[in-house]
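Single-structure report; data block below.
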Amino acid sequence: MPVSTPSQTVGPFFSLGLGESSHGDLVDPARDDAIRIAGVVRDGAGEPVPDALVELWQAEGCARASTTSEGGFSFVTVKPGPAAGLDGATQAPHIAVSVFARGLLGRLITRIYFPDEAEANARDPLLRELTDAAALVARPEGDELRFDIVLQGEGETVFLDV
Amino acid sequence: MTEPFPYRRDPEGLHPPLHSPAYESSRLRAPERRLVIAPATLVELDGPAFGHDRVSPGDADLTHQHGGEPLGERIVVGGRVLDGDGRPLRDTLVEVWQANAAGRYAHAGDRHPAPLDPNFSGAGRCLTDAEGRYRFTTIKPGAYPWGNHDNAWRPAHIHFSLFGRAFAQRLVTQMYFPGDPLLAHDPIYNAVPDRSARERLISRFDLETSEPDWALSYRFDIVLRGREATPMGD
């Protein structure tokens, strides 16, 4: 059986091949149910990471964004429905997220959950495992959702193994 | 429809640990907390395809994106994309980017004082065919210095990004060239603990598919994660 190819860092110049836009549209922003999710990627010193690549993955599609010089990224998407788990248990609506950057020898994975799904979130098999379940729930900010990604140290994002 | 089996975890030592002290940039960026195992969802196993609308004919030839031909050694880089069960992954997006023959990226952030090449942007993409094959025509990238440690040089490499068919199969990696003396000194390449895994990042020179009077050929097969179990009788 063939063995997987090892991962390597995306490096500092990935925008050449993977695009420069700090904004990804997964759906038409004119849709009534379109939501904007924005955030900043920070490192272990609290500094913004200006060369990270953030990707969203959900039933409706994929999108990606390179961070700005201030570490910022944003997406327009929709809230997906509840997710069917392999064990038959339903999971709360969420978006799978990948993060790549210089200094990261592999992909980081996390999830964005939704603040208006308190009941489903309370039953979600992953969130229930976490000491701080709120850590993966986006925060409402004006008419958009905020989800910052902290690579290391205080407030470090919960990263996942899939 | 993908069978709903989760993807096998890769063995320990196959991928570089996020904490790799010899790689200076990982110091403030690698997470310190343990990863939490997430229960898989069907969407992650049989998710959307990405980027098919991004691919145009000609995107796989990095030597014909401008008015003239780029300087350097023209090469063909090709191979197959398979899953860990040996099945070819067809119709999957393969994206590449690289430095020019002088070791300089066409990127504003690259300060290496080597010449830019007006005929080389260094980015390409294609979809794999029915047998999982991909093929790029490009020029051999140069080595370049970087600030990781005193007299640090990256071995010549081409960056690869692959989507596969499922969230678990997403892979970003780098392809190297056989016989490169800089490999022994590179903290990124050597961050892969397992020697045979590391060596799978080195392409193979392939005289057979080299094009006479035109281009040398390097072969780089890529394997993405396979599934936990396969359907009976498969």
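Just so you know, the sequences run in chain order A and B. Take the first sequence: its letter number 152 is residue 927 in my numbering, and every next letter is one higher. Take the second sequence: its letter number 20 is residue 91 in my numbering, and every next letter is one higher. Even for Gly, the Cβ is constructed at its ideal location relative to N, Cα and C.
{"Query": "Would you verify that the beta carbon of B/Ala-239 is, or is not, closer than 7 Å to some beta carbon of chain A?", "Result": "yes"}
{"Query": "Could you give the distance in angstroms between the alpha-carbon of B/Gly-304 and the alpha-carbon of A/Ala-805?", "Result": "Only weak support is given to the placement of B/Gly-304: the predicted model assigns it a pLDDT of 40, under 50, and the question is left unresolved by the model."}
{"Query": "Could you pull out every residue in the same chain whose Cβ sits closer than 6 Å to the Cβ of A/Leu-911, ignoring the five residues on either side in sequence?", "Result": "Arg-886, Tyr-888, Val-933"}
{"Query": "Nearest to B/Ala-185 by alpha carbon, out of B/Pro-212, B/Phe-207, B/Gly-195, B/Ala-201?", "Result": "B/Pro-212"}
{"Query": "Are the region 221-241 of chain B and the region 161-180 of chain B touching by the rule of at least three beta carbon pairs closer than 8 Å?", "Result": "yes"}
{"Query": "Go through the region 141-189 of chain B residue by residue and report every complete run of the beta strand (DSSP E) that reaches 3 residues or more, in order.", "Result": "145-154, 164-169"}
{"Query": "Would you say B/Leu-113 lies against chain A (beta-carbon separation less than 7 Å)?", "Result": "yes"}
{"Query": "Check for me: the alpha helix (DSSP H) holding A/Ala-893 runs from which residue to which?", "Result": "893-898"}
{"Query": "With a threshold of 16 other CB atoms inside 10 Å of the CB of B/Gly-150, please say whether the residue is buried or exposed.", "Result": "buried"}
{"Query": "With burial defined as no fewer than 16 other Cβ atoms inside 10 Å of the residue's Cβ, what is the status of A/Thr-906: buried or exposed?", "Result": "exposed"}
{"Query": "Assuming B/Ser-274 contacts B/Arg-290 (C-beta within less than 8 Å), just tell me the rounded distance between them.", "Result": "6 Å"}
{"Query": "With DSSP run on the structure shown, which of helix, strand or coil describes B/Gln-240?", "Result": "helix"}
{"Query": "Are any of the Cβ atoms in chain B nearer than 7 Å to that of A/Glu-931?", "Result": "yes"}
{"Query": "If the cut-off is 8 Å on Cβ atoms, which residues from the region 876-907 of chain A count as contacting chain B, listed in chain order?", "Result": "Ala-876, Arg-877, Gly-878, Leu-879, Leu-880, Gly-881, Arg-882, Leu-883, Ile-884, Arg-886, Pro-900, Leu-901, Glu-904, Leu-905"}
{"Query": "What residue from B/Pro-92, B/Phe-191, B/Arg-225 has the CA that sits closest to B/Thr-209's CA?", "Result": "B/Phe-191"}
{"Query": "Under 8 Å: do the region 831-840 of chain A and the region 869-878 of chain A share three or more Cβ pairs, one atom per stretch?", "Result": "yes"}
{"Query": "Could you give the DSSP three-state label for B/Leu-198: helix, strand or coil?", "Result": "strand"}
{"Query": "Counting only beta-carbon separations shorter than 7 Å, does B/Ser-127 have a partner in chain A?", "Result": "no"}
{"Query": "Less than 7 Å separating the beta-carbons of A/Phe-922 and A/Ala-908?", "Result": "no"}
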